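Chemist: Below are the structure tokens for one structure; questions will follow.
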Amino acid sequence: MIFQIILLIMLAYVVGFIYMGLYRNITARIQGRYGPTVYQTFYDSIKLFSKKNSVSYGWMFYLGPVIMATGAVLTLILVPVFSDSDFLRSVTTQGNLFLLLYLMVLGPLGNALAVGTGGNPFGVMGVVRGLTRLIGLELPFYIAVVGLIIASNSSDIVHIIDLQKTTGLNILVHPFLFIAAMISMVGFFGASPFDIPGAPQEVYSGPRTEFSGKFLALLMSQGSIFAFAKLVLIIDLFLGGADSLWMLVIKTFAIFITIIFIGIVYGRYKVEQAVDFLMKIPTLIGVIGLVRIIWFG
Amino acid sequence: MNSIFLLLNLLPILFLYQFGGDLHVSLSLTKEFTLSLSQTPLGTFFAYLSLISFLLVTIAQKSKKTSFSYYALQFLLSIAMLAIVLAGDFITFFIGWEIMTWSSYFLISKSSDIDTKSLQKYILFSLASAFSLIAGMVIAYSFANSFDFNVIQNSFHTMPFNIKVALIVLFSLSFFTKAGVIGLHYWVVDTYSKAPDLFSSILSAVMSKMGIYGLFLVYGHLVGYAELKDMFGVILNGTDFGYVLGWIGVITSIIATFKAITQDEVKRLLAYSSIAQLGYIIAVIGMGTSFGVAGAMYHTLIHTIIKLLLFINVAAIVAQTGKNKFSELGGLIYRTPVSFVMLLIGIIALAGMPPLGGFASKFMLYNAAIDSKFALILVGMLFSGAASFLYCYKLVYGIYLGHPTSKDLETQKEVPISYLIPQVILALLLVATGAFPGAFIKVINPILIEFSLNTIPYTSMGVMQSAVGNFNGLFIISAFVVIFVFILLLIWRIKSKAKNNLNRFDISYCGEVPSKNTQLHYGYGFGTDLYRIKFVNAILKRSSSPFYEALATQTKKTAGLLSRMYYGNIHNTMIIILLFFSALYFIGVN
Amino acid sequence: MKNDLENTIKIFHGPQHPGITGNMSVELDLLGETIKRAQTHVGYLHRGFEKLVERRTVVQAFTIVCRICVPEPDPNEENFARAVENLTGLEISEKAKYIRTMVLEMQRLATMFLWMGGQAGSIGLGLIPQWSVCDRDYMLDLFEELTGGRVYHMYAFPGGVRRDLPEGFLSRLSDLLDYYEKRIIVYNNTFFDNIIFKKRAIGVGIVNADDVIKNAYVGQVMRGCGIKKDVRKDMPYLMYDKLDFDIPVQSDGDVYARALVRRDEMLQSIKILRQIIKQMPSEGDILQKIPKHRKFKLPADDTYVQTESARGAMSYYMAGDGSEKIRRMQVRGPSLVHAYTLLEKLLVDSQLSDVAMTMNSLGICPPEIER
Amino acid sequence: MMESGFHGCDLDDSLKCKLEESGTQNTHSVMEKAAAWFRSRSIFVVAYGTGCGAIEMPPTFTSRYDAERMGVVGVATPRQADLIILSGYLAYKTLRRVIRTYEQMQKPKYIITLGSCPINGGMYWDSYNTIKKLDDYLPVDVSVVGCMPRPEAVIDGFSLLQKRIKNGEKAGWEKYDENLDFYKKNQKRVLGNHVDPSYETDWYNLENGSEV
Amino acid sequence: MIELISKLEKLSLELVQKQDYLYKVEVKKEQLESLLLSFLNEFGYITLDSINCRDDLEEGNFVITYCLLTPKRDHVVMVQTSIERENASLPSIHTFWPQAEIMEREMHEMFGVDFPGHPTLIDFALEYWDNIPPLRRDFDTLQYVNDMNPFRGQRDDALDAKVEMKKKREAKKAAKLKAEQEAAAKAELETQNNPSQEVQNEE
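Rendered as structure tokens:
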């Protein structure tokens, strides 16, 4: 099992980095330029790991990125990656969907402590923006997740995947929930128009302002692992999981490219506009889906 | 003095431990009035909860100069609470309730920064709560001809429907006031924030739980969940009654959460947070399912632990620095590291984050909602939970992180050890509940049996079992620790040298250099952005104080004679009121 | 008891900040993210141009005046050349006038494209800067062909222009204008009609129309408030009185209104350039007979010239003292009042997220504030 | 293109000698060579337009010239950056901020200068508010000449820097560490005693103390 | 415009047309504030475009020019006054035109003109400046620069520009001479050859 976990982390690391590289590359192509190589984010992270210095404001600053990475890895191992194999089944059944909802926020909160320790007002502003955005961002996602839990009468992801084999994919059965969750996902990936916390033109780099060298590298690495975990979670919940590596890549990439295409053509909301928007349209869509499940399902 | 009262506080615990289990004592005064104590699993749970809380707070009081009368009143309060939770009939219950009210009133008045307005608010609402209770008692007595809980329980289904409703509403109002449901929370914030710092922990952690105990007593014991279901009918998978209560709880929770974020005073934030957390409990308490009751019980336990921890922590910081506002604190992390870690554990649990106990209780609450298919209520609870991250972060940032706002904060020392001991105990409890979420099910199951509900399956200490999935707390916490240590070692090994003792002003500041006088602490501005969000602004703009102030002025205007009492000596007023209602009571009885 | 204003935190927006236009800084006092006080700081680019010019002859000074404002050097050259012409009484030929007008309009287009990149970048719309800066580069290519320099042209010499048009230049310019017209439609769809840009920009940074006239706000700030004024129409210079064009105005006075004014001005510039291409005389001196060894002697007199730059009226005050050196040359760019009087006022009670956007829409260019 | 080979310092002969020795290789192990390769492939540039050369930064980084394909990408804060591009003349007021920004960057760190002004003052050689020789105050790795240098030239400067990083040549930050006294003395000479901040480095305090 | 001329004549001031859109009126320092006020309130010149300052070191005074515009913005009127260089001081007009605050701040820094009643006479572009104000003409920027910033030393293989220019000129001259000589020689040769050519042609 330990071996499997390490294998999974490495898979997530590689796939996550390639996705992040693809993100930059595809964005560049749309912008009409050649763009960096697919491995560019990997180079970046190795370079940052090999920096000779990295500043730290004390032990809490040191631990913040570690907590964040822990949250990401823990999320990863609790999300079932392959639907039919026994791969890490024994681990993923230890958790449930509610646990994942909270684990997804654990990392950012841990990092927020480090940001606060650094004491940079820009960083704290970024954190506050992030947490404020979270109010709006979580709402449609919660609705979608609650809808799924009630529809499949289980908060066990493995069960939700299995159920889709008989009832059909959730994206078709509960399209409203999928749309609501997808809009949230755009925000969870930090894509426009919800890339508010780290907006460079406004808050200088947001929560990452003070992180350098290995800390930044750790944040980047966990970001790619986390991105992979989130993609897998979405396909588990709505696309019936993946039974092979190819299906995994195809399905996650489909979600991923959607997020890129949404992100590239929009600017950035202000935080209050983002929350207002998220509380209106996606929430409404989600509530329609939810009511459909409860009263007519 | 401290050690004496420490021993004195230990006594009831030992007593309960030794003689507890199935305690039944009764003392007949007259034919009709019998004072009786009868121990139920529910009462035992609350008894231990409150007694241990008192013990821990007494430990913390060691380094704070405290008068004899304060200790005595506090002990009296603990005994009163014991009387409430062990009471077998309404007379005992009410006596305990009144002693609790009055002793707490005098304790609050001992605070240095209390003002008469807050005190009046507290006592008026307490009295209103008591009157509502009395009215309920009297009505119940008039039908059951007894104050004994068991007699009332047995004769409840024979009462007419409107009487049943009236009883439930009266009792609910009384206990809602104590718990601070939104609309009736007017007294809570002022009282919590202005009471003596350590006593605030009692108020929030224990006294508000007396309201919850009362609700359990009424819904579970006197009325019975089955009766509730019969009375009000079924919606989705739960009861109509539970649905209404669920919305009350969720709305309480959401409003209080947003209010908490915008507070500048530390204890006000905690007070609002307390209201919000009790909102969760109220949201599930009426559902009438085993998960509803279990979730409410579990959250009662966890909230008591958290709020004791946080209030003691804050009390220590206030005592140490003399400051109680986020705009005046900041940057204490390396001055008071132990306190910081304790607060951190507290807020992780408060936010409901795994792997600590906070998540276990939240999971129970959510399961209860899922069980009844109250999806929107569940979404509301989750939403309020997401918003609560903001005030959790504000709490830790405002006090410990960021930049010190004044020079004397830079030379603070760690708080006295007597404050730390209870905090460490409570933090360990949180870790334990996180690692062994299933252990508490054993405590809950007897209560469920008492309420004639299904028990919750129990597999092992580490696993929390539920109808819609389970989680293994032990696995989560150990996986968390293992991964954490692994990544830490990995990072440690990387040769990128970390400059550890960087000056706090050495920040990226757009090429400029902040000076010692540059204000960099974000504590005050934290949360002001919420006013720009339309939905949140609509919540924050509203306040119950205009309503109550208008009520007060109207009362003053109309009741010309009576209004003089409000201006006069508060004690006289109270005595008059008490006499008036005792007279009413005797008229009613006869 | 501290009040809101005493509990603000202080941050600097610049000079080392991605959201600042150039090398300047705004000191902000924030309550939450609401700005309670703003103070502009400049001087990071101060080179003392006015001192340098005093130590130089006209020809020597001619090479450095274009560096006063980096994003659009040509109005500076035009102002300088015209001031010298005014003082020495030089008259320039019609062809030189046409070429100068053309260069000014080309520069206006190039600056607008750069502005569009900045404005879109300030709201995090990364696509537009990538496109528009590239589109601007095609104009720079033409500049390079015409003058030899991409950014600094040193082209409008007192008495005419430095070089004649290369062969086939006008047809290439015409092709580029065709391309730009197509592109502006694309930008209109992706940027000006972008729902998020509208949401962010409408109602932000509203300039009061009464202040505009008195406080000498110029350019799009003025025209965004519905005041139809333009130096090209009011005090026509070069060939502008012979060319047919409109002054676009909007009435709202906010960031979005200014953006729309700029978009319409781009279309007007294309219109002007098309007319110039049609009317450009084939014959004519490009450089008037100027003193031997280009030794201009400026009389002991002073003059004041104004040119409509892409961001508003830019004025030069120049005085000679009868020698070859310039006694005094003072630059009054549009940014001076915008960056201080206007920006400090606009930012109060707006949010941190609006700062970059507001600055971009005012068209602030720090090097011309402090020279 | 011009490599920084000048170290004409009129102040201290002993320091001068040390400066001229630098420029040798210092990577030995395989790990260091690999790290050097990765460093050359990924260069983060801090967003700071110090002078007129900043006008050629947008074309360099956007779709026509696209420096990102070489791994050169802009970041907001100095903490994350490897490279600072000093795009043109430096006023004294800016020099203060640039030194501050440079010191906040994490090693290894590099400086590229654009234009003639940082080399010898350029057009502004007689301006009372700009410095003439930047390498007296900060160690320059690559100077790209021209006014402005074209984006192609800037990209050529990037590739030269990448080559030097890959070869493991001694970079500016090492010189800065070794000859800190020299640089600090020069900085103090032009900026006077108003060099912020006092807590970062002790030179100012020490010298102030000795002067008094 | 005629109106304005007549109004100014009442104040015994003369309006001079300098260019098509440019007029100038000179005024004594004492009259300045009241004239500016009447421009603002009576004549309708409500826009203050800029305040310019010129240092006439030889005459010992500063020449201050206020450029004013009407709302039509179709011509500029320069109101010019001159003040003593020593202890130069002017009334501040920031209360009438807010933008004058920053212009006066700049003038204070660059010329050392004092503005009594001005609220923010702080640094504008310079920082910690302790010399005489830089735009005064008695401030010698070359001297200052040489004191602060030494020139870059030469490279060892660097060549002296003057010598090289001289060499180049001489080489050019020599080449020219040589070319002339060659041409002459050629011409001579041609003249020598011509006959033969002619002869050949004749043949």
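Protein chains in written order, with my numbering: chain A, 23 to 319; chain B, 20 to 609; chain C, 1367 to 1737; chain D, 464 to 675; chain E, 503 to 705. Every residue, glycine too, gets a C-beta built ideally from N, C-alpha and C. Bear in mind that the values here come from a model prediction, so they are computed numbers and not experimental data.
Do you know how far the Cα of G252/B is from the Cα of V309/A?
Modeler: When rounded, the distance between both Cα atoms is 25 Å.
Chemist: Tell me the DSSP bridge mates of G1526/C?
Modeler: Paired residues: L1653/C.
Chemist: In chain D, which residues lie with their C-beta within 9 Å of the C-beta of G230/B?
Modeler: Ordered by position in chain D, no residue passes the 9 Å Cβ test against G230/B, which lies about 50 Å from the chain.
Chemist: Step through the CB atoms of chain G and report whether any lies within less than 8 Å of the CB of L409/B.
Modeler: In the structure shown, chain G does not exist; the protein chains are A, B, C, D and E.
Chemist: Throw me the rounded Cβ distance for the T77/B and L25/B pair, which I believe falls under 8 Å.
Modeler: 5 Å between Cβ atoms; contact.
Chemist: Among D184/A, I171/A and M242/A, which residue has its Cα nearest to the Cα of F71/A?
Modeler: That would be M242/A, whose Cα lies nearest to the Cα of F71/A.
Chemist: On the criterion of 16 or more Cβ atoms from any shown chain inside 10 Å, does L30/B qualify as buried, or is it exposed?
Modeler: Classification of L30/B: exposed, given that the 10 Å Cβ count is below 16.
Chemist: For D658/E, which residues from the same chain have a beta carbon less than 7 Å from its beta carbon, with the 5 sequence-adjacent residues on both sides left out?
Modeler: If we look at D658/E and ignore the five residues flanking it on each side, it has no Cβ neighbours.
Chemist: Using CA atoms only, rank isn't needed, just tell me which of I32/B, V104/B, Y205/B and P60/B is closest to L75/B.
Modeler: Measuring from the Cα of L75/B, the nearest candidate turns out to be I32/B.
Chemist: Taking 6 Å as the limit between beta carbons, can you name the residues of its chain near E484/D, skipping five residues before and five after?
Modeler: Note that E484/D scores a pLDDT of 49, beneath 50, so its modelled location is shaky; the value from the coordinates is reported in the next line. There are no such residues.
Chemist: If you follow the beta strand (DSSP E) that Y1683/C is part of, which residue opens it and which one closes it?
Modeler: G1678 to G1686 is the extent of the beta strand (DSSP E) around Y1683/C.
Chemist: Buried or exposed: Q62/A, going by 16 or more other Cβ atoms within 10 Å of its Cβ?
Modeler: Buried, by the Cβ-count rule.
Chemist: Count the other CB atoms within 10 Å of the CB of I1568/C; is the residue buried (16 or more) or exposed (fewer)?
Modeler: So I1568/C counts as exposed.
Chemist: Can you name the residues of chain D whose CB is closer than 8 Å to the CB of F233/A?
Modeler: Correct list: R542 and Q543.
Chemist: Helix, strand or coil for G655/D? Go by DSSP, reduced to three states.
Modeler: Note: G655/D maps to coil in three-state DSSP.
Chemist: Please classify K1745/C as buried or exposed, where buried requires at least 16 other C-beta atoms within 10 Å of its C-beta.
Modeler: For residue 1745/C there is no data in the structure shown, the boundaries of chain C being 1367 and 1737.
Chemist: Determine, using beta carbons only, whether I558/B comes closer than 8 Å to chain A.
Modeler: No, no contact with chain A.
Chemist: Along the chain, which unbroken stretches of the alpha helix (DSSP H) at least 4 residues long are found entirely within the region 632 to 691 of chain E?
Modeler: You should have 643 to 650.
Chemist: Taking only three categories from DSSP, how would you classify I575/D?
Modeler: Looking at I575/D - three-state DSSP - the assignment turns out to be strand.
Chemist: Would you please state the rounded distance, in angstroms, between the beta carbons of A379/B and T323/B? I believe it to be under 8 Å.
Modeler: Between T323/B and A379/B the Cβ distance is about 14 Å, and since that is not below 8 Å, they are no contact.
Chemist: Three or more beta-carbon pairs under 8 Å between the region 86 to 103 of chain A and the region 489 to 508 of chain B, yes or no?
Modeler: In short, these stretches touch, since the Cβ pair count reaches three.
Chemist: Measure the C-alpha to C-alpha separation of G140/A and I274/B and round it to an integer number of angstroms.
Modeler: Each residue's alpha carbon lies about 32 Å from the other.
Chemist: Could you tell me whether the Cβ atoms of A394/B and I193/A are closer together than 8 Å?
Modeler: No, they are not a contact pair.
Chemist: Spatial neighbours of I604/E within its chain, please: CB distance less than 6 Å, with the 5 preceding and 5 following residues excluded, ordered by chain position.
Modeler: Correct list: empty, nothing qualifies.
Chemist: Hey, does D589/D have any beta-carbon neighbour from chain E nearer than 8 Å?
Modeler: With 8 Å as the cut-off, D589/D counts as an interface residue toward chain E.
Chemist: By a C-beta neighbour count over all protein chains shown, 10 Å radius and 16 as the cutoff for buried, is I24/A buried or exposed?
Modeler: Burial call: exposed.
Chemist: Run the CB neighbour count on E1444/C, radius 10 Å, all protein chains shown included, and call it buried at 16 or more, exposed below.
Modeler: By the neighbour-count rule (16 or more Cβ atoms within 10 Å), E1444/C is buried.
Chemist: Excluding the five sequence neighbours on either side, which residues of its own chain have a C-beta within less than 7 Å of the C-beta of L481/E, listed in chain order?
Modeler: Since the first and last residues shown for chain E are 503 and 705, residue 481/E lies out of range.
Chemist: Is the beta carbon of L203/B less than 8 Å from the beta carbon of F195/B?
Modeler: Cβ atoms of L203/B and F195/B: closer than 8 Å.
Chemist: Once the 5 residues before and after G1686/C are set aside, which same chain residues still bring their CB inside 7 Å of it?
Modeler: Cβ within range, chain order: L1453, L1664, P1665, A1666, D1667, I1692 and R1693.
Chemist: How many Å lie between Q1645/C and R1528/C at the Cα?
Modeler: Taking the straight line joining both Cα atoms gives about 20 Å.
Chemist: For a cutoff of 8 Å on Cβ pairs, would you count M147/A as touching chain C?
Modeler: Interface residue, yes.
Chemist: Comparing alpha-carbon positions, which option in A102/B, G546/B, F459/B and Y124/B lies nearest I114/B?
Modeler: Comparing Cα positions, the closest option is A102/B.
Chemist: Using alpha carbons as the reference points, say which of G457/B, L92/B, F359/B and P60/B lies closest to I221/B.
Modeler: Comparing Cα positions, the closest option is L92/B.
Chemist: What runs of the alpha helix (DSSP H), each 4 residues or longer, lie entirely inside the region 457 to 541 of chain B?
Modeler: Listed in chain order, the complete alpha helix (DSSP H) runs (minimum 4 residues) inside the region 457 to 541 of chain B are 460 to 469 and 492 to 512.
Chemist: Just verifying my parser: in three-state terms, what is the DSSP assignment at E484/D?
Modeler: Low confidence applies here, because E484/D scores a pLDDT of 49, under 50, leaving its location unreliable and the question unanswered by this model.
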